[in-house]
Amino acid sequence: KSARNREGHEWCMENWCIGHADNSLWSPESHGLYNECDNRDPDGFFDNLDDVDPAIVEACEGTDDPDGCVLDTMVAIEEGENLSTFVQTIVDEDQDSNFVDNLGEGDPTEAMDGWDGPVLSNASAIEIE
Numbered sequence: 073k074s075a076r077n078r079e080g081h082e083w084c085m086e087n088w089c090i091g092h093a094d095n096s097l098w099s100p101e102s103h104g105l106y107n108e109c110d111n112r113d114p115d116g117f118f119d120n121l122d123d124v125d126p127a128i129v130e131a132c133e134g135t136d137d138p139d140g141c142v143l144d145t146m147v148a149i150e151e152g153e154n155l156s157t158f159v160q161t162i163v164d165e166d167q168d169s170n171f172v173d174n175l176g177e178g179d180p181t182e183a184m185d186g187w188d189g190p191v192l193s194n195a196s197a198i199e200i201e
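Numbering (the numbering used here), first residue to last: 73 to 201.
Structure below.
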């Protein structure tokens, strides 16, 4: 995994890094503060993936992307997040992102029961015939 993550880091640096402030949406000051395009070495984070807390691995097993969950959760734990609360947020986001795929064919009313989506239930007064 470590080699794959390093390759992914290099790909992101090569394809997404905006090295010059004139090409950035940020002010020159902000760009200068966060610009890491000249630093091609990923930090030690990628070296610690083999030492993951087994509780994190276990908590992430049921998510859509267990490896991504482990990485995100490791960072969140280091920043003071609660393990179970953070992983539950990932599970909830997985369910929301898969909502349309899980509707199936036919009448989606039953599948949408209890879903609090981005549109309010009575937001539109337009009736379509």
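Just so it is clear, CB atoms sit at the ideal spot from N, CA and C, and this is done for glycine as well. All figures in this text were calculated on a predicted structure; none of them were measured in a lab.
Legend entry - Stretch pair the segment 102-109 + the segment 83-91: three plus CB contacts closer than 8 Å: Judged by Cβ distances under 8 Å, the segment 102-109 makes contact with the segment 83-91, as three or more pairs qualify.
Legend entry - DSSP state of L97 mapped onto helix, strand, coil: Start at 1 with the first residue of the sequence shown, and residue 97 comes out as number 25. The answer is coil: DSSP assigns L97 none of H, G, I, E or B.
Inset, instruction - Would you kindly check if the distance between the Cβ of V163 and the Cβ of T135 is under 7 Å? - result: For this step, residue 135 is matched to residue 63 along the sequence shown. For this step, residue 163 is matched to residue 91 along the sequence shown. The beta carbons of T135 and V163 sit closer together than 7 Å.
Inset, instruction - State whether the segment 142-162 contacts the segment 122-130, with contact taken as three or more CB pairs (one from each stretch) at a distance under 8 Å. - result: Under the 8 Å Cβ criterion, the segment 142-162 counts as touching the segment 122-130, having at least three qualifying pairs.
Legend entry - Outcome for C84 when other beta-carbon atoms lying within 10 angstroms are tallied against a minimum of 16: Residue 84 sits at position 12 when you count from the first residue of the sequence shown. So C84 ends up on the exposed side.
Legend entry - CB contact flag (L105, A131, <7 Å): Working through the sequence shown from its first residue, we reach residue 105 at position 33. Working through the sequence shown from its first residue, we reach residue 131 at position 59. Not in contact: L105 and A131 (Cβ atoms no closer than 7 Å).
Inset, instruction - Grab the span of the alpha helix (DSSP H) containing I149 for me, first residue to last. - result: Position 77 of the sequence shown holds residue 149. Counting along the chain, the alpha helix (DSSP H) containing I149 begins and ends at P138 to E150.
Legend entry - Extent of the continuous alpha helix (DSSP H) run through C132: Residue numbering aside, residue 132 sits at position 60 when the sequence shown is read from its first letter. Element bounds for C132: P126 to C132.
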